[in-house]
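K.L.:
Below you'll find the structure I mean.
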Amino acid sequence: MVNIFHFVTIIEALTSTTFDFGGYLDMASIDWHNGEIAVHRKLNGPHYSVPNPTTPGLSQAHAFRVAASPLVAFGTLDRDGRPWTTILGGEAQFTQKIAPNVLGVQSLVDLDYDPVVDALFSSNNSRTESMTGDKGDGGLLRYGPDNGPIVAGLSIDLETKDRVKLAGRMLVGTVSEHQPHSDEAPGRIGDMQLAFVVQEALGNCPKYLNRKKIRPHVPRPQLVYDSSLHDGQLPREGIDLITQADLLFVSSTDGRTMDTNHRGGPPGFLRIVTIAKDQGRHGSDGGSTTNTGLTLIYPEYSGNRLYQTLGNFHVNPLVGIVVPDFDTGTVLYLTGHTKTLVGPEASAYLPHTKLAVHITVDRAILVADGLPFRGDIIDYSPYNPPVRPLRSEATGAAGDIGAAASYGERKPFATAVLTGRHELSPTVSRFTFDLEPVHARETAPLLWHAGQYITFDFSPELDVGWSHMREDDPLSLNDDFIRTFTISSPPPLSTASAAIKLELTLRRHGQATNLLWRHNLRVPLELPVLAFGGDDAFRLPVPLAVDGNVAVEESIFVAAGVGITPLLAQAPGLLSTDGLKPSANFRVLWSLKAADIPVALDSFERIPGLARHTTVFITSCSEAADEQILKMRDAGTTVFEGHRIQRDDIVSPTGRGNGSMKRKIYICTGPQMLQELLAWLPGENLAWESFAF
C-alpha cells in the first residue's frame, strides 16, 4: 500500500522537471465557454457579460473547506467517453491538500462495481504511463502532465450545507484490496489513494440540501442489476431509490474539462418518465450503448444562474449520475444523455416548471451496500419547492391538467377583476370576479362547463424577480405564481350579457389567496386568465327522462372541506330535474371541520334541495356549533358529529349501495383521504380531482 505522503514525493519530482503545479494560481481568469454563454443568453442570465467566478487552482480557503467535508462526489469519463459519478468519504479530512493545487484523496471504494473506480484504475485504461497488473493489486498509476484523466469533484458537507466544486486531472493513484476476498463476500472493497491537480474551483452555499449527519461505514458491495448484463428493467429496489431520493450528483463535460454538481430537493423531486427496457442498441454520441428504457426528469430550481452544468449539456448532452441511499448504502449509477427543456417543453412534463432536464439512461448499475458512509436526516431545506408530479401522474382518473401544464404556450385571453369577497368561515371565503375578454368582440372563450377550473396568472402582482437567496420567503424563488381554482358557480347560459361573473370558494393558503383576502376592493385587482380546464370524467350526469322515468347511474360525491366546489357548480343543474323522480341516484358525503360548518349552511341556502342529498361528517366537536348543526338537520341534512367518513358510509352492507344500480363515485379530497378511499373501493368506477397542480 502506498502511503499518501509518497504522493508528495512523486509530485515534487514532476514539479522539478516538466510541470509547475503552483503556476495554476498565476492564471488570470477562467472564461465562460460557448455552451455556458449560449444558455445564459437563452435563459436571460446576466453572467456571460461579467467574469466567471470560478477561480484557477486551489486556494487555501477552498482546501480547508474541502478537508472539512465528509463527502466528495467524483466524476470522470470511461474509455468510451461516457461520464460517470461516484461519491466517497465518510468522515472529514479524507481529502487534503498535499501540494500546491493538488488534492490527495484516501477512501474505501467498491472495487468491482463502481464505474468511476473502474474508469480510473482498470487495466483497460490505456492513458497511463505505467500500469502494473489488474485493478486492486496496489500498483501505482502515474500520468504525464497532460494525459491524466479529467476529473471533477464536489466536496459537500450536509450538516453545514457547504460545497466546493473542483475540476482538474488525475496525477497518480493506487487501489488495493482492503482485505482478502472470500467466497462469502459479495464484492471486493479497496483502499484507494489518489492525487489530482485542481485547475478550477468554486465555493458555494447551496439552497436545496437537506441536512444529514454523515458517519463512516465499511461497505459490502453486491451487484443487484447492471443493464449491460441483465435482461429486464431496473428492479423495484432501484425504482424505489429514484422515487425516494432527495439528492443526486451530476457530472457533465464540455469535452475539455468536467463539472460535478448536486441536485437536491424534497424526496420525489426526481421523476421516472418511462421504465420499460428496450433490447435495441443506440448511441447519442455515435457509439453503441444499451437502451435501458429508463428515462428520468428533474426540475432545475432557481439557483445562482451560472448554468455550468446546463452549459456543458448544451455542447455535449452526455451525463453521469449517482443516486445514493443514505440509509442503506444502496447506490444507483447512471450514464446517459440529456435534453434541457425550457418553458412549454418543461411544463409539458412537469406542471408549473419552467426549466427541467430530461435524461435517457443508456446504462444503469445498482449496487447494494456499495457506499463507505451512512447518513441520518437532520432536517429539510426550507427552500425545497413542493414535489411536482409528472403531467401523466397528476392526471389520474379525472385530473385533466392540460391548461395548467401548458400555460407557457398560452397568452391571457381574458382578465378577471375582483369585485366581491364574502367571508364564510375564518379560513374560507367566496370571491366574485367579472370576466372581461382581452379582445372586446371575442366572448366565446369565456364559456366554461360546470365543475371546471380557471387558471390565473398572479405573477404581475406577486413576482419580485430573481434573487439567489430569500430567507423571508424561500418558497417564492421557484414559484411561477400560476394558480388553478375550481369555479364554484354555474356557467352563464350565454355570453350575451354585459358582464360575465364567476365565483370561487377558496381556503386561505399561500401568497395568492392571501392577496385575495387582503386586497382593498376599492382598488381594482386584475388577474390574467390563462385557461379553463377540467376533465369530462368529473362531470356528474344530469338525469334524463325516458318514458316518464329517469335513466341514470347512481352518483356519489365524496368531498373534504372546499373539495365540495366542483359540486357547487354542478348541483343546480342536477337538482333542476329533481321533480322527475326521488333522487336516490345522487348523494353527497361531505367531511368538514366544525369551523367550516358555515360554508355548508351557505351552500344549502344558495342551492335549494342540496341539503337533503347530503350527509355531513363533522370531524371535530364544538358546542358553539350546536345551533348550526340543528339548522342543517332542519334543512334535511344527515349529520354525524365527531365522525370521519368510513368505508361503510360509502359501501352498504350488501356491497352495492342502492341495490343493483350502477354507480360512479367522485372524489375531491386531500391526498391522504384520497389514498384511503382508493384502497377501500377497488373495482369501483371512480373519478377524482387532483390537487397536484
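Mapping of the sequence shown onto my numbering: position 334 corresponds to residue 1042, and the numbering continues sequentially without gaps. Glycine is no exception: its CB is placed at the ideal position from the N, C-alpha and C atoms.
Are there 16 or more other CB atoms within 10 angstroms of the CB of residue 1086, so buried, or fewer, so exposed?
P.N.:
Residue 1086 should be labelled exposed.
K.L.:
Can you list, in chain order, the residues of its chain whose CB lies under 6 Å from that of residue 746, leaving out five sequence neighbours each side?
P.N.:
Cβ within range, chain order: 1022.
K.L.:
Taking the alpha carbon of residue 829 as the reference point, which residue from 806, 807 and 856 has its own alpha carbon closest?
P.N.:
Measuring from the Cα of residue 829, the nearest candidate turns out to be 856.
K.L.:
Between the segment 1081–1097 and the segment 914–928, can you find at least three pairs of beta-carbon atoms closer than 8 Å?
P.N.:
Verdict: yes, contact present.
K.L.:
Just to confirm before moving on: does the CB-CB distance between residue 1071 and residue 936 stay below 7 Å?
P.N.:
Yes, the Cβ-Cβ distance between residue 1071 and residue 936 is below 7 Å.
K.L.:
Please classify residue 749 as buried or exposed, where buried requires at least 16 other C-beta atoms within 10 Å of its C-beta.
P.N.:
Per the 10 Å Cβ criterion, exposed.
K.L.:
Applying the criterion that 16 or more other CB atoms from any shown protein chain within 10 Å of the CB defines a buried residue, is residue 744 buried or exposed?
P.N.:
So residue 744 ends up on the buried side.
K.L.:
Contact check, residue 969 vs residue 1062 under 8 Å by CB: the rounded distance?
P.N.:
Not confirmed; about 19 Å, so no contact.
K.L.:
Under DSSP, the beta strand (DSSP E) around residue 1374 begins and ends at which residues?
P.N.:
Its beta strand (DSSP E) spans residues 1371–1376.
K.L.:
Taking the DSSP output, what are the residues bridged to residue 1165?
P.N.:
Answer is 1190.
K.L.:
DSSP three-state call for residue 1273: helix, strand or coil?
P.N.:
Helix at residue 1273.
K.L.:
What residue range is occupied by the uninterrupted beta strand (DSSP E) comprising residue 818?
P.N.:
Segment 810–818, the beta strand (DSSP E) holding residue 818.
K.L.:
Going by Cα to Cα distance, which pick from 1216, 1079 and 1146 is closest to residue 1139?
P.N.:
Of the candidates 1216, 1079 and 1146, the one whose C-alpha sits nearest the C-alpha of residue 1139 is 1216.
K.L.:
In three-state terms, what does DSSP make of residue 798?
P.N.:
Coil, per DSSP.
K.L.:
Distance check for residue 1232 and residue 685, CA to CA, integer angstroms please.
P.N.:
Nothing can be reported for residue 685, as the shown portion of the chain is limited to 709 through 1401.
K.L.:
Quick check: the Cα distance between residue 1036 and residue 1074, rounded to an integer number of angstroms?
P.N.:
Roughly 13 Å separates the two Cα atoms.
K.L.:
Cα-Cα, which of 1280, 1237, 1244 and 1195 is closest to residue 1270?
P.N.:
Nearest C-alpha to residue 1270: 1195.
K.L.:
Using only the alpha-carbon positions, how far apart do residue 902 and residue 845 sit?
P.N.:
Taking the straight line joining both Cα atoms gives about 15 Å.
K.L.:
Quick one: Cα of residue 821 to Cα of residue 782, how far?
P.N.:
Roughly 15 Å separates the two Cα atoms.
K.L.:
According to DSSP, is residue 757 helix, strand or coil?
P.N.:
Correct three-state label for residue 757: helix.
K.L.:
Closest to residue 1169 by C-alpha separation, out of 1190, 1159 and 1182, would be which residue?
P.N.:
Minimum Cα distance to residue 1169 is reached at 1190.
K.L.:
Please list the terminal residues of the continuous beta strand (DSSP E) segment that includes residue 1264.
P.N.:
Looking at the DSSP string, the run of the beta strand (DSSP E) that includes residue 1264 is 1262–1268.
K.L.:
Assign residue 1427 to buried or exposed, taking buried as 16 or more other Cβ atoms, counted over all protein chains shown, within 10 Å of its Cβ.
P.N.:
Since the displayed the chain opens at 709 and closes at 1401, residue 1427 lies outside it and no answer follows.
K.L.:
Any heavy atom of the ligand ATP closer than 6 Å to the Cβ of residue 765?
P.N.:
Here there are no bound small molecules, and the ligand ATP is not part of this structure.
K.L.:
For residue 1010, count the other beta carbons within 10 Å of its own beta carbon; 16 or more makes it buried, fewer makes it exposed. Which is it?
P.N.:
Buried is the call here.
K.L.:
Starting from residue 750 and walking both ways along the alpha helix (DSSP H), at which residues does that stretch end?
P.N.:
From DSSP, the alpha helix (DSSP H) with residue 750 extends over 742–750.
K.L.:
Counting Cβ pairs closer than 8 Å, one from the segment 1041–1055 and one from the segment 758–769, do we hit at least three?
P.N.:
No contact exists between the segment 1041–1055 and the segment 758–769.
K.L.:
Could you tell me which of 1051, 1357 and 800 sits nearest to residue 752, measuring between CA atoms?
P.N.:
Closest by alpha carbon: 1051.
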